[in-house]
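Under numbering that gives the first Met the number 0, the residues of the sequence shown are numbered 0 to 425, in order.
To start, the structure itself, in structure tokens.
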Amino acid sequence: MTLTSSKIYALVLNPWVVIGSLVLGGAAGLLFPAESQHLVVLSDIYVDLLKMTTLPFMISAVIFSLQRLFRDGGASRLLLRVVTVFAGASALVAVVGAIVLLLLNPGANLSSSTMHTFGMMVGGDATSSDTVMSLYGTDIPPKSLSFTDVLTSLVPTNIFAALANGDALKALVFALLFGLAVGRVPERISVGLSQSLETIYHACQKLMHWLSYPLPVILFCMSAAQLGKSGVGPLHAMLQFVIAFFLVAVLLLIFAVVVIWKRSHQGLGATLDALRAPFALALATRNSAACMPSMIETLVDGLGFARSRVELLVPLAVSLLRVGPMVYYVCATLFIAQLYGHTLGVVEVCTVLLASVLAGFASAGMTGLVTVSLIGMTCAYLQLPFEAAFILFLAVDPVCDMLRTLILVIGNAAAVSMICPRPLKI
Numbered sequence: 000m001t002l003t004s005s006k007i008y009a010l011v012l013n014p015w016v017v018i019g020s021l022v023l024g025g026a027a028g029l030l031f032p033a034e035s036q037h038l039v040v041l042s043d044i045y046v047d048l049l050k051m052t053t054l055p056f057m058i059s060a061v062i063f064s065l066q067r068l069f070r071d072g073g074a075s076r077l078l079l080r081v082v083t084v085f086a087g088a089s090a091l092v093a094v095v096g097a098i099v100l101l102l103l104n105p106g107a108n109l110s111s112s113t114m115h116t117f118g119m120m121v122g123g124d125a126t127s128s129d130t131v132m133s134l135y136g137t138d139i140p141p142k143s144l145s146f147t148d149v150l151t152s153l154v155p156t157n158i159f160a161a162l163a164n165g166d167a168l169k170a171l172v173f174a175l176l177f178g179l180a181v182g183r184v185p186e187r188i189s190v191g192l193s194q195s196l197e198t199i200y201h202a203c204q205k206l207m208h209w210l211s212y213p214l215p216v217i218l219f220c221m222s223a224a225q226l227g228k229s230g231v232g233p234l235h236a237m238l239q240f241v242i243a244f245f246l247v248a249v250l251l252l253i254f255a256v257v258v259i260w261k262r263s264h265q266g267l268g269a270t271l272d273a274l275r276a277p278f279a280l281a282l283a284t285r286n287s288a289a290c291m292p293s294m295i296e297t298l299v300d301g302l303g304f305a306r307s308r309v310e311l312l313v314p315l316a317v318s319l320l321r322v323g324p325m326v327y328y329v330c331a332t333l334f335i336a337q338l339y340g341h342t343l344g345v346v347e348v349c350t351v352l353l354a355s356v357l358a359g360f361a362s363a364g365m366t367g368l369v370t371v372s373l374i375g376m377t378c379a380y381l382q383l384p385f386e387a388a389f390i391l392f393l394a395v396d397p398v399c400d401m402l403r404t405l406i407l408v409i410g411n412a413a414a415v416s417m418i419c420p421r422p423l424k425i
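In structure tokens:
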């Protein structure tokens, strides 16, 4: 049987291949720890290639989506409602994720051996450790983070400097504001920019597609290098994270189903039956874009919402309202803070919420490894060494990816039902 590129692509992204690569790499790291640590060079190069593609992809996707929103007459009339629902949904999922993680505290109360291993990982991370010791006099206390500093740091005084420094959050803020402005420019003037953005978007998408082919080899190298250095101790902590994230997902899915049920004028049984197709498809594909036709069919044929509105709002919501990644970034950042004993005040928690929402917007069109890597955006504001824990999140990502997709698909269906006029009672 001849392997085509599509078959190879499906093979390398198969969950069993991903898990198998991680397991084999972990076994190699445990059996040959010294030799495996040399493989970190390949994984570092691969992550740098992903970062190289992320910024232009994110900027083009956000500007292009917002421009498309303004180009549609129906979308312009719905803009205020869209912004209100999107903002409310983003805040809701972020707050729910933060409350559950702070209550369960899954990153604390771990065994001393696990915490010792994590300490060694952080101490050995030359790129993230910036411990400073004063030999004479008292140490200067670190400056506390204020919410004003956070907001100020989000505004790019020089977008080219932000791009050169790889500051994704500042680039995202620029893309959001620029996209809103471009949407108000007459189409005859902005058509050239639209075509350029679409070209960049598809070119970056193609690059990410190509970078997926060596994924099993890269996962093998990452897993081998990390476990060769740290052992299996840190993996015990991830079970508690998965349980906490699963609880967050269940709470948000229940809330989304209730919203759809109340908005649709259908019975609870009929609502659950209508949502069965997108629910199953989200689990099977772990791809929100692949679920869009099923979402439209469910909302229109199954629940009676207006097709003209649903067909506009579902693609827009899937592209911009990234509730699954948003809540994942909140949970992951708080979990890492708990692992490293980083005490969070009110301002720090609010910073995590805001940064996670922005990182969620930045994840538009991203899947798998790239989605996980954006946790580093939120960790950067708290000066947390995310790189040391990166492979741990990759190890449990097949499960977390299913939960993220479920939250995104069912949550976006609920958001669309809030924006659309309620169907008439039958």
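Ideal placement from N, C-alpha and C gives every residue a C-beta, glycine not left out.
Quick caveat: nothing in here was measured; it's all calculated off a predicted structure.
Note on geometry: alpha-carbon atoms of residue 370 and residue 329 lie some 13 angstroms from one another. In this structure, the CA atom of residue 414 is about 49 angstroms from the CA atom of residue 30. With respect to the 7 angstroms criterion, residue 323 and residue 262 are not classified as neighbours on the basis of their beta carbons.
Minimum Cα-Cα distance from residue 86 among the listed residues 396, 392, 405, 352 corresponds to 352. A Cβ-Cβ separation of about 4 angstroms places residue 223 in contact with residue 24 under the 8 angstroms criterion.
Between the alpha carbons of residue 286 and residue 409 lies a gap of roughly 13 angstroms. Residue 339: not part of any alpha helix (DSSP H); DSSP gives it neither H nor E. If you draw a straight line from the Cα of residue 39 to the Cα of residue 274, it comes to about 43 angstroms. Going by beta carbons, residue 391 and residue 243 fall outside the 7 angstroms limit. In terms of Cα proximity to residue 210, the closest of 395, 393, 48 is 48. Secondary structure at residue 346: helix, using DSSP grouped into helix, strand and coil. Annotation for residue 411: the continuous alpha helix (DSSP H) segment containing it runs 396-418. With 16 or more other Cβ atoms from the protein chains shown falling within 10 Å of its own Cβ, residue 225 counts as buried.
In this chain, the alpha helix (DSSP H) harbouring residue 89 covers 78-103. Per DSSP, residue 305 lies in no alpha helix (DSSP H) and is assigned neither H nor E. Under the three-state reduction of DSSP, residue 65 is assigned to helix. In terms of Cβ geometry, residue 260 and residue 267 form a close pair [threshold 7 angstroms]. Distance from the CA atom of residue 62 to the CA atom of residue 175, rounded to whole angstroms, is 7 angstroms.
With a 10 Å radius around the Cβ and a threshold of 16 neighbouring Cβ atoms, residue 106 comes out buried. For residue 194, the enclosing alpha helix (DSSP H) begins and ends at 186-211. For residue 258, the closest C-alpha among the options 16, 88, 188 is that of 88. Between residue 28 and residue 227, the C-beta gap is smaller than 7 angstroms, which places the two residues in contact. A direct Cα-to-Cα measurement between residue 280 and residue 26 gives close to 33 angstroms. Per DSSP, the continuous alpha helix (DSSP H) segment holding residue 378 begins and ends at 374-380. Each of 216, 101, 339 was checked against the Cα of residue 22, and the nearest Cα belongs to 216. The beta carbon of residue 94 sits closer than 8 angstroms to those of 352, all from its chain and outside the five residues before and after it, given in chain order. The residue among 312, 59, 214 with its C-alpha nearest the C-alpha of residue 179 is 59. Nearest neighbour of residue 20 by Cα position, chosen from 294, 399, 393, turns out to be 393.
Closest option to residue 239, judged by alpha-carbon separation, among 16, 395, 221: 395. Per DSSP, reduced to three states, the secondary structure at residue 422 is coil, with no helix or strand assignment. Judged by DSSP in its simplified three-state form, residue 239 adopts helix.
Within the same chain, and ignoring the five residues on either side of residue 36 in sequence, the residues whose Cβ sits closer than 6 angstroms to its Cβ are 224, 227, 228.
Closest by C-alpha distance to residue 318, out of 407, 16, 11, is 407.
Within a 10 Å sphere around the beta-carbon of residue 411 sit 16 or more other beta-carbons, which makes this residue buried.
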